[in-house]
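*Asks:* Using the numbering used here, the first residue of the sequence shown is number 146, and each one after it goes up by one.
If you scroll down you'll find the structure; I have some questions about it.
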Amino acid sequence: IELTRRLGEISQRQRQRGRDFDKIEMGDGGNIQQLILKLVNGP
């Protein structure tokens, strides 16, 4: 039971980090948006 609880906590932290990463990288002004704009508009 302790192992299951610990694995659940680790999993929750990993999912939160993934959400935080997506929010930053894919949000307004993020690297993904900048990359797409450079591909579409040129240098």
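We treat Cβ as the ideally placed atom computed from N, Cα and C, and that holds for glycine.
Which class does I146 belong to by DSSP, given the choice of helix, strand or coil?
*Replies:* coil
*Asks:* Compute the Euclidean distance between the alpha carbons of D169 and L180, then round it to the nearest angstrom.
*Replies:* Here residue 169 is Ile; the residue named in the question, Asp, does not match the sequence. Going from the Cα of I169 to the Cα of L180 covers about 14 angstroms.
*Asks:* Helix, strand or coil, according to DSSP, for G187 in the structure here?
*Replies:* coil
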